[in-house]
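What follows is a single structure, written as structure tokens, with notes after it.
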Amino acid sequence: KHASTKTVVLEIIQKIDPYFYANVDECQTAELQYILADILLARKVHLIVIFDNIDDLVEKEPEEVNSLIYGFQRFSEGKSDNEPNLFSQILVARDLEFIVELDRSVFRKITTDVIPFEPYTAEQTFQLVNTFVKKKVKRKISEETIWFIALIARGNMRLGLELIKKANHLAGIKHSLAITPEHIRAVNKKLTDFHITKQMLEEYPIGYKLMLLTIARRFKSASRAFLNFLDLPSLYISICEEYNQMKNAKYFSDILNDLEKIAIISLHNIEKDIFLTLSDIPANQLAMYLEKNLKQKRRDKPYFL
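Residue 220 in our numbering sits at position 210 of the sequence shown, with consecutive numbering throughout.
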């Protein structure tokens, strides 16, 4: 959210001294860091600077971030035991690959102290998102939908919070009083690297299309985040019958497993039941694509279906 490293240091100074003023255009980052050091020394305090999502910051502005980190490190170099250490830095990252983008002087210091943390579990993600919802979100949202977000996020809290914030915004645009699984799917489609495209759907075998249409229609009608696996066989047979493709009905399990392998759907064991989720495309949109495609096939080749 900052235009430069100068504005970062200036904001830190103003958190400590709200009356401090400096013209950013006339200052250098190093100059502001020395001013910050003098303030800390005068107040006899130690500052811990936490860089969250540092891997993303390095990817966007490697030179700026290198300069900022090294600037704080410089105050710790060559200190005697009697001299106070004014700064400590904590870098929080999801992917340690960012380290190779750092200058050697910065790299050596950082790699000496790396503490790995396990990703949040689905339960922990649920609790954190639920807490955020209670404090910040006024629209209704079911626990099932929050669990849906937790499963999509896979321990990535940044993604989890982005999903809920953007879904809340989308619900506002749609004049909805509640955040639904469809809002989550629509937002996730834009955030994820994996996209279900029209071309992909057109190239799938007929059995895949019928299964996906079964799932999409069910999610569309139920407005749920999860489907019970046991609800699907009869629905799939009904769709096969609708399109005169009963020969595909016997491949139900194989097709479902194939769709999970290519990450179109996800299966989850919850207690004694198996539940299915669809997260990368809104069910309404998926159903519309498939129905249009299947109708076109029927028009072009009357005996295809």
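Note that CB positions come from ideal geometry on N, CA and C, so glycine has one too. Keep in mind that this is a model prediction, so the values were computed, not measured.
By the criterion of at least three beta-carbon pairs nearer than 8 Å, the segment 216 to 226 is in contact with the segment 242 to 252. Ala103 places its beta carbon 7 Å or farther from that of Ile60.
Leu300 has its alpha-carbon roughly 44 Å from the corresponding atom of Pro72.
Counted as a single uninterrupted DSSP element, the beta strand (DSSP E) harbouring Thr287 occupies residues Asp283 to Thr287.
In this structure the segment 201 to 208 does not touch the segment 260 to 270; the number of beta carbon pairs closer than 8 Å is below three. Distance from the Cα of Leu51 is smallest, within the candidate group Phe97, Phe30, Gln24 and Val68, for Phe97. Taking all protein chains shown into account, Arg164 has fewer than 16 neighbouring C-beta atoms within 10 Å of its C-beta and is therefore exposed.
Secondary structure at His56: coil, using DSSP grouped into helix, strand and coil. As for any alpha helix (DSSP H) of minimum length 4 sitting wholly inside the segment 213 to 270, the runs are 216 to 232 and 242 to 252, ordered along the chain. For the options Glu107, Asp48, Phe108 and Lys145, the alpha carbon positioned closest to that of Phe85 is the one of Asp48.
DSSP places Ser77 in the helix class (H, G or I) of the three-state scheme.
Comparing alpha-carbon positions, the option among Tyr44, Ile159, Thr141 and Leu57 lying closest to Ile26 turns out to be Leu57.
When only Cα atoms are considered, Ile125 and Phe82 end up about 20 Å apart. Fewer than three Cβ pairs drawn from the segment 180 to 200 and the segment 270 to 286 lie within less than 8 Å of each other, which leaves the two stretches out of contact.
Sorting Lys70, Val68 and Leu78 by C-alpha distance to the C-alpha of Val19 places Leu78 at the top.
Separation of Asn238 and Thr155 (C-alpha to C-alpha, rounded to the nearest whole angstrom) is 15 Å. Per DSSP, Phe136 is not a residue of any beta strand (DSSP E); the alpha helix (DSSP H) it occupies stretches across Ala132 to Lys146.
By the CB criterion at 7 Å, Val197 and Lys230 fall outside the cutoff. DSSP, reduced to helix, strand and coil, places Ala188 within a strand of the structure shown. Glu107 and Ile100 have their C-alpha atoms spaced approximately 16 Å apart. A check of alpha carbon separations from Val75 across Tyr31, Phe127 and Ile109 identifies Ile109 as the nearest. Look at Gln83 here: in three-state DSSP terms it is helix.
Closest in alpha carbon position to Lys199, among Asn95, Val55 and Leu296, is Leu296. Annotation: Thr17 to Glu212 spans about 50 Å, alpha carbon to alpha carbon. Pairing Asn254 with Ile216, the inter-Cα distance amounts to about 11 Å.
Taking a contact as a CB-CB distance under 8 Å, the pair Leu173 and Ile194 counts as one, their CB atoms being some 6 Å apart. Note on Arg53: under 16 other CB atoms within 10 angstroms of its CB, so exposed under the neighbour-count rule. For Gln24, the enclosing alpha helix (DSSP H) starts and ends at Thr15 to Ile26. Leu201 sits exposed, since fewer than 16 C-beta atoms from the chains shown fall within 10 Å of its C-beta.
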